[in-house]
Amino acid sequence: MGYTIYICSSPIRHLLLLVIFTALQLANGGLDKDFYIVFLRDHLELDEGKAAQKHVDLLSSLKGNEDGARESLVYSYTKSFNAFAAKLTEDEVGHLSGMDEVVSVIPNRYRKLHTTKSWEFIGLPTTAERNLQVESDIIVGVFDTGITPQSESFKDHGLGHPPAKWKGTCAQFANFSGCNNKLIGARYFKLDDFPDDDDILSPIDVDGHGTHTSSTLAGSLVPNANLFGLARGTARGAVPSARIAAYKVCWASSGCADMDILAAFDAAIADGVDIISISIGGLSGNYTSDAISVGSFHGMRKGILTVASAGNDGPSLGGVTNHAPWIFTVGANSINRNFQSNVVLGNGHTLPGTGVNTFEPKQKSYPLVSGMDVAKDAQNRNSSSQCVQGSMDPKKVKGKIVYCKLPAWDADYIVKGLGGAGAIMESNMYLDNAQIFVAPATTINETIGKSIADYIASTRSPTAVISRSQEVKIQAPSVASFSSRGPNPGSQHLLKVTNVTDQPLFFKKAHLLPYQTRLLLKCWPIFANKNVKKARYYSSRNRHSCIIHPYEVYNWITRRFQAFRFHTHVWNFHVMSTC
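Residues in the sequence shown are numbered consecutively from 0, following numbering that gives the first Met the number 0.
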């Protein structure tokens, strides 16, 4: 006999429903699934097919059937290390973590990107003696937003067939013109299958970041490169004859997923690259749970150096990313060139500004206004002083140069959209970073900003004109204000390399060394210092010592990885490089 229980009391009914809901959640172990990466012990005796089947078998033991396992499995990493990506519940992650064959389980996280005369400045001119036969045998794997194969930087004039060691691929893709003897490989990884209307399922670069980093590393010589006449010269990479293999792991909408980055590591190591370049960050974890740390460690075991960006979160303390000791971490520094775009006020005073402004003034002067004075209404005065989108009256802005105090980065774009003649943007940060403007504009510091504000207040009809940018010489090098600093959040007494140098570091017989040892380091032992705040500078700019080979570092780290966690006597690296 069945019974039906009627509960009329509202509080009791709500309590009972809550109990039932909680019980169902506990019974189901939480039905929400997320992407996770499961690292397993190495099975060197297994081929790729058998290793992938082991992943299915492991998930089958968890799910209870093979169909559920295959539905859960997203990707098997079998070429260079033993791992898989899968959609799992929290309970399933707990069960997997307790299995003997499982080394670790980490959540899939999404990262962000780190964003022509540099080589001459550091002592590597176009006339430098080179061994083209050796350089053309170097393959650089770039993990980024993809690549634009039509760029002049990737022409293959004078290059022979790819090195015999190359085992990678370059298939046909949408809007992708294909590879050549310079760009020898291109592929993409997007394992979450989430649609991205702002991108293309192809190695093609819709962002530009990957094309920029690839050409900086190994771009071919492009004579007479310039931006509307500015910075005219020969654009080239550090090693113009090196080959490039592009691995697209970053997408317009979602960023750069850990499981995609690990898939690129798995492929690139097996493809035969010599160096891996990755300008991606935004996240930091311990050395065993960070995808870039783990992937680069597997590369290091095969003699492949990973060069990664330190990040753009300076000048605050502890912002450095990609700080594992086997990663060659690269920061940002200045060179002895800047772009100056001056402001000439109606009273005849010329004030210096910074930025890439390619626009010639169409008239001698324009009306000058403060952003606060062109507000839509009284409620928007604070926002309009910073030229915030939607805060200014288009009628008050049209035809005028607007002085924006502590503005958003896109203030020039906003003012232009309202019909303004230009923007003067005051900022206390990143004044060493010459921003490229889409309208006549310049960036000034707070002191110059006060002079402009005083001038506006002193006359009934203030005017100004923004000059076209000019190239000027400056003192260098110095650590860029935006470059991420130490101390190392993973190990506060481990100092990491950046790209600042006072003199070139070249070894004349480097071409006689194995591929993985051609990039030479300077090093010396550093002892623990109680004042770790000093590391924010020394993590960014280190100086002279003995020369060693990276291969020795690889061997040392492989042998000493476990001991590293408990040891404060670590190596400090110094290299000459550029971002």
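In this text, a Cβ means the ideal position worked out from N, Cα and C, and glycines have one as well.
Check, Outcome
"At least three beta-carbon pairs within less than 8 Å, the stretch 39-56 to the stretch 155-167", "no"
"Coil, strand or helix - Gln339 by DSSP", "strand"
"Cross-strand partners of Tyr76 (DSSP beta bridge)", "Ala82"
"Proximity winner among Leu61, Ser103, Glu47, relative to Phe38 (alpha-carbon distances)", "Ser103"
"Reduced DSSP category for Glu425 - H, G, I as helix; E, B as strand; rest coil", "strand"
"Any 3 or more C-beta pairs closer than 8 Å across the stretch 451-467 and the stretch 353-362", "yes"
"Local conformation of Pro148 per DSSP, three classes", "coil"
"CA nearest to the CA of Leu190, picked from Gly157, Asp197, Lys181, Ala84", "Ala84"
"Residue closest to Ile277, alpha-carbon to alpha-carbon, out of Tyr246, Glu134, Val471", "Tyr246"
"Backbone CA spacing between Lys589 and Asn341 [nearest angstrom]", "Given that the chain is displayed from residue 0 to residue 578, the structure contains no residue 589 and the question cannot be resolved."
"Per DSSP, the bridge partner or partners of Pro194", "Paired residue(s): none; Pro194 is not in a bridge."
"Nearest-angstrom Cα separation, counted from Ala244 out to Arg517", "For Arg517, the predicted model reports a pLDDT of 35, less than 50, meaning its position is unreliable and no value from the coordinates is stated."
"Assigned exposure category for Arg235 - 16 Cβ within 10 Å defines buried", "buried"
"3-residue-minimum beta strand (DSSP E) runs that sit fully inside the stretch 365-440, ordered along the chain", "365-369, 400-404, 421-425"
"Range covered by the beta strand (DSSP E) that runs through Ile183", "182-187"
"Proximity below 8 Å, CB of Asp273 to CB of Trp165", "no"
"Buried or exposed by the 16-neighbour rule on C-beta atoms within 10 Å, applied to Phe193", "exposed"
"Neighbour-count burial assignment, Phe142, 16 or more Cβ in a 10 Å radius", "buried"
"Ser329 versus Leu229: straight-line alpha-carbon distance, rounded", "What sits at residue 329 in the sequence shown is Val, not Ser. For Val329 and Leu229, the distance between alpha carbons rounds to 27 Å."
"Complete runs of the beta strand (DSSP E) confined to the stretch 213-237 [at least 3 residues]", "221-226, 229-234"
"Reference Asn81, options Lys415, His297, Ala307, Phe175, closest by Cα", "His297"
"Among Thr287, Leu87, Gln362, Lys53, nearest to Thr462 - alpha-carbon criterion", "Gln362"
"Those runs of the alpha helix (DSSP H) which lie wholly inside the stretch 233-303 and span at least 4 residues", "257-270, 290-300"
"Proximity below 8 Å, CB of Leu87 to CB of Lys32", "yes"
"Beta-bridge pairing of Lys111 - partner residues as DSSP gives them", "Gly280"
"Test item: CB-CB of Ser620 and Ser214 under 8 Å", "Beyond the ends of the chain as shown, which are 0 and 578, falls residue 620; an answer cannot be given."
"Which listed residue (Val368, Lys415, Glu470) has its alpha carbon closest to that of Gly389", "Lys415"
"Where the alpha helix (DSSP H) through Ala68 begins and ends", "65-71"
"From Pro393, Tyr365, Asp198, residue whose alpha carbon lies closest to that of Trp250", "Asp198"
"Own chain, CB closer than 7 Å to Ser71, minus 5 neighbours either side, in chain order", "Leu58, Lys62, Ala85, Lys86, Leu87"
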